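Comments concern the structure below.
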Amino acid sequence: MRCEAEETGTRYLRRQWFVIWPLDRSPRLLAGGCTKYDQPELGDGCEKFASDHGITPADLYAWNSVLGSRGDNCGSQFFLGYYYCIAGPASTAPPVPSPTQAGITSKCNSYTKAVKGEYCSLFAQEHGVSLSDLYAWNGVLGANGENCGTAFFADYYYCTGVSS
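Going by the UniProt record's numbering, the sequence shown opens with residue 1, and the numbers climb by one from there.
Below you can see the structure in the form of structure tokens.
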């Protein structure tokens, strides 16, 4: 608030100006792990803002839940001067190679291709993995490796490491 006083004759006139700023111009209700933010420009709507940043409107809505899951709140919650997420959480999972078999843990972050002549215990030993982990991370092999003789194939990728 800024105040000024002016003298008019012997009477004082007091003028007040109020500048109202949003209390919080930071991103609101965003997806965790947002890696980049920006503010809309005059004339931007949700779709134009998304397009200008090379993302889909669906991504904008997913990363900025205040806008609604389908952008239903763009007319009432998309403001100049506010920051919105324009780069969502980065994926830490590596791409899954091919071919693999069913039953690989979703926490797998390291894959190794089996070569001709390898079998479960040799594969585990050569790649520094315990047999119990190899079996746990690659369900097709069986809980105790009972399927190693019939389900372990050369040229297939198996999980050899997981994230915590």
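Idealized CB from N, CA, C, for every residue including glycine. Note that the structure is a prediction, hence the values are computed from the model and not measured.
Item                                                                                                                : Value
Minimum C-alpha distance to A114 - residue among K107, A151 and F49                                                 : A151
Sequence-distant residues of the same chain with beta carbon closer than 8 angstroms to C46, five excluded per side : P57, L60, Y61, L67, G71, C74 and F78
Contact under 8 angstroms by Cβ, C159 with C108                                                                     : yes
Proximity below 8 angstroms, CB of G103 to CB of N138                                                               : yes
C148 versus L141 - alpha carbon distance                                                                            : 5 angstroms
Where N64 falls, given that 16 or more other Cβ within 10 Å makes a residue buried                                  : buried
Y61, enclosing alpha helix (DSSP H) - first and last residue                                                        : P57 to W63
Rounded C-alpha distance that separates T100 from G33                                                               : 30 angstroms
7 angstroms CB neighbourhood of I55 in its chain, flanking five on each side removed                                : I86
Rounded straight-line distance, which links the Cα of Y37 to that of Y83                                            : 6 angstroms
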